[in-house]
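**Student:**
Protein chains in written order, with our numbering: chain A, 6 to 115; chain B, 31 to 145.
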């Protein structure tokens with residue numbers, strides 16, 4: 006069965022601090038994605054990757070960086086966290102027409 | 031750009047009653063997008079409920095159905111008889127069959143099934 010895991014599941018950070026959200030997939034999918042989900046909004050794409058070493062900007066990349074060091078791992082980095090980045094973050098891996106999501110990371114920036 | 035609209039933010043239905051959650055979409059591709067329903071149960075991540083990649087066809091799963099209506103650009107989710115365990119947030123989404131295959135989501139519909 007498809008498996009996407011995320012860590013941490015919950016995170017409290019301070020404004021101006023650095024935050025790294027990690028994602029691991031065992032599906033051997035080339036594509037991986039980071040979305041954020043805010044109340045009243047659907048999920049919105051932050052960054053995605055076509056494979057190891059590749060990162061691409063999604064619809065809302067400002068304030069975020071991404072890193073894909075291997076097929077299995079895809080990280081989202083907030084170099085200088087701000088309260089507006091308080092949200093739930095979902096990682097996904099996918100083949101061409103289906104994406105499989107992790108359980109989400111709830112981030113609170115104070 | 032592409033967009034997905036879910037007009038109902040919250041729906042409350044009594045157990046064993048029928049359900050419809052509305053979804054309409056706008057896609058810029060000259061072909062037809064792939065359409066999805068995802069569900070998020072309390073405390074869990076998103077799960078794929080059903081998908082349809084061919085216009086005119088119907089997808090079904092766990093008693094839920096949705097038909098890809100390209101004329102009306104709609105993909106409404108229906109169930110004949112809901113159960114309390116169906117309480118969750120339902121997201122309609124589309125992807126264009128090229129490039130990043132990113133998903134464009136609607137804002138979600140919180141379904142509460144009353145016993």
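Every residue, glycine too, gets a C-beta built ideally from N, C-alpha and C.
Using a Cβ-Cβ cut-off of less than 9 Å, list which residues of the stretch 62–91 of chain B approach chain A; keep chain order.
**Tutor:** 64, 66, 68, 70, 73, 74, 75, 76, 77, 78, 81, 83
**Student:** Measure the Cβ-Cβ separation of residue 52 of chain A and residue 74 of chain A and say whether it is below 8 Å.
**Tutor:** Their beta carbons are not under 8 Å apart, which means residue 52 of chain A does not touch residue 74 of chain A by this criterion.
**Student:** Specify whether the stretch 26–33 of chain A and the stretch 43–58 of chain A touch according to this definition: at least 3 beta carbon pairs, one from each stretch, less than 8 Å apart.
**Tutor:** Note that the stretch 26–33 of chain A does not touch the stretch 43–58 of chain A; fewer than 3 beta-carbon pairs, one per stretch, sit closer than 8 Å.
**Student:** Give the list of continuous beta strand (DSSP E) stretches no shorter than 3 residues that lie fully inside the stretch 62–97 of chain A.
**Tutor:** 70–72, 78–83
**Student:** Beta-carbon within less than 6 Å of residue 144 of chain B's beta-carbon, same chain only, minus the 5 sequence neighbours each way: which residues are those?
**Tutor:** Cβ neighbours of residue 144 of chain B beyond the five flanking positions: 44.
**Student:** Assign residue 74 of chain B to one of three DSSP states: helix, strand, or coil.
**Tutor:** Coil at residue 74 of chain B, not helix or strand.
**Student:** Considering just the uninterrupted stretch of the beta strand (DSSP E) at residue 11 of chain A, what are its terminal residues?
**Tutor:** Looking at the DSSP string, the run of the beta strand (DSSP E) that includes residue 11 of chain A is 9–12.
**Student:** Mind listing the chain C neighbours of residue 61 of chain A? Cutoff is C-beta to C-beta under 8 Å, in chain order.
**Tutor:** The structure shown contains no chain C; its protein chains are A and B.
**Student:** Just reading off the beta strand (DSSP E) that residue 32 of chain A is part of, what are its end residues?
**Tutor:** Here residue 32 of chain A belongs to no beta strand (DSSP E), and DSSP marks it neither H nor E.
**Student:** Taking the alpha-carbon positions, what's the residue 119 of chain B to residue 63 of chain B distance?
**Tutor:** 22 Å
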